[in-house]
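Asker: In UniProt numbering, the protein residues as written are 1 to 217. Note that CB positions come from ideal geometry on N, CA and C, so glycine has one too. This one's a predicted model, so the numbers in the text were calculated from it and none came from an experiment.
1. Report all residues from its chain with a CB closer than 7 Å to the CB of residue 209; omit the five preceding and five following residues, and keep chain order.
2. Taking all protein chains shown into account, do 16 or more other C-beta atoms lie within 10 angstroms of the C-beta of residue 102, making it buried, or fewer, making it exposed?
3. Sort 76, 137 and 128 by Cα distance to residue 106 and report the nearest one.
4. Whose C-alpha, out of 159, 203 and 147, is nearest the C-alpha of residue 30?
5. Provide the residue span of the alpha helix (DSSP H) that contains residue 72, from first to last.
6. Look at residue 151 and residue 198 and say whether their C-beta atoms are less than 7 Å apart.
7. How would you write the range of the alpha helix (DSSP H) that residue 199 sits in, first residue to last?
8. Alpha carbon to alpha carbon, how far is residue 164 from residue 73?
9. Measuring straight from C-alpha to C-alpha, what distance separates residue 16 and residue 161?
10. Sort 155, 18, 145 and 108 by Cα distance to residue 127 and report the nearest one.
11. Let me check understanding here. Comparing Cα to Cα, which of 11, 22, 87 and 94 lies closest to residue 35?
12. Does DSSP classify residue 62 as helix, strand or coil?
13. Going by C-alpha to C-alpha distance, which of 193, 22, 176 and 178 sits closest to residue 85?
14. Beta-carbon within less than 7 Å of residue 39's beta-carbon, same chain only, minus the 5 sequence neighbours each way: which residues are those?
15. Could you tell me the alpha carbon to alpha carbon distance between residue 169 and residue 157, rounded to whole angstroms?
16. Let me confirm a value: residue 47 is counted as buried when at least 16 other C-beta atoms fall within 10 Å, else exposed. Which label applies?
17. Going by beta carbon distance, what residues of the same chain come within less than 7 Å of residue 61, once the five residues before and after it are set aside?
18. Using the three-state DSSP reduction, which class does residue 10 fall into: helix, strand or coil?
19. For my contact list, residue 166 and residue 20 are in at a C-beta cut-off of 8 Å; report their separation, rounded to the angstrom.
20. For residue 132 and residue 145, I'd like the C-alpha separation in whole angstroms.
21. Run through DSSP, which three-state label would residue 176 get?
The following block contains the structure:
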């Protein structure tokens, strides 16, 4: 069977696995944004938290992906959820935390002192200044962390197939077990294209949300 014939016959399955892959990555990174941004704010507010929290997130990131996915199985098996989307989303969520936390912290920490003083000088509280000044200025850098997390974890999520979560990794696992080069090429190529497409989309969004005064000429 040629690659063209395989695509013509298997496109519904490929489309389903592609959508499943995107949903898994989107869920994991979305949760990481909801948790990582507040943690980055907390680290900026209480600077003693920065070193231990970034250190812990770095340790998680150094773990091989297959080992981290494997660790999720016995953890969630206690609740009858050892296989499926939950362990995969949790593993990728942990991988996504570091770039989002770090970029949030560095972005907020890097705002010019004069801008912060101006906000305080007109009577803003810390939280008002954060909401109206600091976070809007930090959004492009925070999005840079989100961009890193998304692109990196589109590839990492391929390992989710070993815990029964689905996604494009299913094609690669089947290709290896069946010695099917068509499935291997399609699976690997689609993961690469998704990563490139997501990077370009987020790069455009990052540029759009960067204030004109901060853009490089």
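Answerer: Quick look at the numbers:
1. Sequence-distant partners of residue 209 (beyond 5 residues in either direction) whose C-beta falls short of 7 Å from its own C-beta, in its chain, are 139, 140 and 143.
2. Classification of residue 102: buried, given that the 10 Å Cβ count is 16 or more.
3. The closest CA to that of residue 106, considering only 76, 137 and 128, is found on 137.
4. Looking at the Cα atoms, 147 is the closest of the given residues.
5. Going by DSSP, residue 72 is part of the alpha helix (DSSP H) stretching over 65-77.
6. Yes, the pair counts as a contact, with Cβ atoms nearer than the cut-off.
7. 181-209 is the span of the alpha helix (DSSP H), which, as asked, contains residue 199.
8. When only Cα atoms are considered, residue 164 and residue 73 end up about 10 Å apart.
9. When rounded, the distance between both Cα atoms is 14 Å.
10. Closest in C-alpha terms to residue 127, from the list 155, 18, 145 and 108, comes 108.
11. Relative to the Cα of residue 35, the nearest Cα in the group 11, 22, 87 and 94 belongs to 94.
12. Helix.
13. That would be 22, whose Cα lies nearest to the Cα of residue 85.
14. Residues 53 and 101 of the same chain have their beta carbon placed closer than 7 Å to that of residue 39, with the five preceding and five following residues left out of the count.
15. Between the alpha carbons of residue 169 and residue 157 lies a distance of about 7 Å.
16. Residue environment analysis places residue 47 among the exposed positions, since fewer than 16 neighbouring C-beta atoms fall within 10 angstroms of its C-beta.
17. Same-chain partners within the cutoff: 95 and 98.
18. Three-state result, residue 10: helix.
19. At roughly 4 Å, the Cβ-Cβ gap stays under 8 Å, so residue 166 and residue 20 are in contact.
20. Their Cα atoms are separated by approximately 21 Å.
21. In the three-state reduction of the DSSP assignment, residue 176 falls in the helix class, which pools H, G and I.
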